[in-house]
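Reading through the structure tokens given below for one structure.
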Ligand code: CTP
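In my numbering, the protein residues as written are 616 to 1015.
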């Protein structure tokens, strides 16, 4: 693989030389880009000698010919590379990436690059734990970048705590996993449902639930980044649709059912992350109900179970359902998996599932396995769900 290794200005910059060596040994071609702070710690010559390539350091190289080619080198490098890894990623670099500043070669290249990004932070413990840094890391995770968490141990500043650059072997592993995911959904059409549904009671009132749509939108984003066509059927949410998704907006469970059945023939993978209302008012009055002192009783009918219906029609498609539970998580998930003829059920606790940016998930598979995905951002978990979906399809097809 053709990758760019960005080196930031921290004491751990010298460890990036070892990282570059391992990457080369594993057959990757490495273009090193150093920030000016990085050059205070290690000279570009070290990396040039290791990689056999000129190290890039300047957005506008001095002394070179003033040509368009030299002024747009960051665009060319961004187009040619398949993955951008940054080690050590300093607090300052994380902040500039998170906010889209482009005041040197590495940050400009980052903005011009649309492929997978792996960041290995290293810094003083207080800097790492600072709310500003943690907020920036969260922003970058939400953007789909892989963060190779720093390790705990004695730091150069004399403190002990998290902040040491991860071991090169861990960084290489993360880089290769991120590269393998790239475009592995090409040719697939992923249909995702997301958000709550709203069931009207009159022209101004409705019943709904606390779903934010974040998990479904994260799945749509992850599938797009991996090369899939994505049909996103969404209930009302406060989220910007991911660029490139074919967005179908719906309000009620009935509308969601119609949209899903209409688009189902195009899909190869169906992921039902929506929190569909279970009951609705069949005859919605046309006039607003006036307030009165009398009690108001409503008779609600069950909504169609879309997941169960797709389970009957799914054919060769892989069908992934969700379950939000307050108790007996795995047992309930397995019961729903069988009852609705799904291939995988993603189970989460109600207290984790609604609204937050992160979540803790358990996967229950048709093959009988139960897999703990642990806690993570919804965007990270989305990639793990997609990894398992692809693996599951391979094993189900092999078993046929
Ligand atoms: N689902 C659906 N249509 C419905 C209700 C739920 O397609 N009318 C789907 C959801 O999108 C989700 C899965 O079913 O993928 C499980 O939803 P959940 O509410 O946890 O399960 P229910 O079957 O409604 O069971 P219960 O409310 O009893 O836990």
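Note that beta-carbon positions come from the ideal geometry of N, C-alpha and C, so glycine has one too. Remember, it's a predicted structure, so these values are computed and weren't measured experimentally.
Could you tell me which residues DSSP pairs with residue i in its beta bridges?
| i | result |
| --- | --- |
| residue 701 | 621, 734 |
| residue 906 | In the DSSP output, where bridge partners are listed per residue, residue 906 has none listed. |
| residue 776 | 768 |
| residue 861 | 846 |
| residue 887 | 808, 936 |
| residue 822 | 814 |
| residue 895 | 916 |
| residue 749 | Paired residue(s): none; residue 749 is not in a bridge. |
| residue 973 | 992 |
| residue 964 | 940 |
| residue 985 | 979 |
| residue 646 | 619 |
Rounded to whole angstroms, how far is the Cβ of residue i from the Cβ of residue j, which I believe are closer than 8 Å?
| i | j | result |
| --- | --- | --- |
| residue 969 | residue 823 | Going by Cβ atoms, the distance from residue 969 to residue 823 rounds to 12 Å, so no, they are not a contact pair. |
| residue 698 | residue 618 | 4 Å |
| residue 1003 | residue 978 | 6 Å |
| residue 1001 | residue 841 | 7 Å |
| residue 917 | residue 893 | 6 Å |
| residue 934 | residue 925 | 6 Å |
| residue 778 | residue 808 | Not really, about 41 Å apart at Cβ, beyond 8 Å. |
| residue 661 | residue 632 | 5 Å |
| residue 871 | residue 846 | With 8 Å as the limit, residue 871 and residue 846 do not qualify as a contact, their Cβ atoms being about 12 Å apart. |
| residue 974 | residue 963 | 6 Å |
| residue 850 | residue 889 | 6 Å |
| residue 737 | residue 783 | No, residue 737 and residue 783 are not in contact; Cβ-Cβ is about 12 Å, not under 8 Å. |
| residue 621 | residue 721 | 5 Å |
| residue 708 | residue 623 | 5 Å |
| residue 837 | residue 759 | 7 Å |
Would a check of beta-carbon distances place residue i closer than 8 Å to chain C?
| i | result |
| --- | --- |
| residue 785 | Any reference to chain C falls outside this structure, which holds one protein chain only. |
Report yes if the C-beta distance between residue i and residue j is below 8 Å; otherwise report no.
| i | j | result |
| --- | --- | --- |
| residue 762 | residue 734 | yes |
| residue 787 | residue 638 | yes |
| residue 776 | residue 740 | yes |
| residue 671 | residue 648 | yes |
| residue 887 | residue 922 | yes |
| residue 780 | residue 712 | no |
| residue 749 | residue 992 | no |
| residue 988 | residue 996 | yes |
| residue 896 | residue 814 | yes |
| residue 812 | residue 868 | yes |
| residue 828 | residue 810 | yes |
| residue 883 | residue 932 | yes |
| residue 616 | residue 794 | yes |
| residue 806 | residue 726 | no |
| residue 665 | residue 636 | yes |
| residue 913 | residue 816 | yes |
| residue 915 | residue 959 | no |
| residue 627 | residue 657 | no |
| residue 948 | residue 938 | yes |
| residue 719 | residue 650 | yes |
| residue 751 | residue 710 | yes |
| residue 804 | residue 753 | no |
Is it right to say residue i is buried, meaning 16 or more other beta carbons lie within 10 angstroms of its own, or is it exposed?
| i | result |
| --- | --- |
| residue 703 | buried |
| residue 728 | buried |
| residue 818 | exposed |
| residue 855 | exposed |
| residue 687 | exposed |
| residue 885 | buried |
| residue 965 | exposed |
| residue 853 | exposed |
| residue 998 | buried |
| residue 1010 | exposed |
| residue 900 | exposed |
| residue 843 | buried |
| residue 796 | buried |
| residue 941 | exposed |
| residue 1013 | exposed |
| residue 994 | buried |
| residue 857 | buried |
| residue 643 | buried |
| residue 972 | exposed |
| residue 706 | buried |
| residue 630 | buried |
| residue 936 | buried |
| residue 911 | exposed |
| residue 833 | buried |
| residue 746 | exposed |
| residue 653 | buried |
Going by the C-beta, is residue i closer than 7 Å to any heavy atom of ligand 2?
| i | result |
| --- | --- |
| residue 922 | You won't find ligand 2 in this model; what it holds is ligand 1. |
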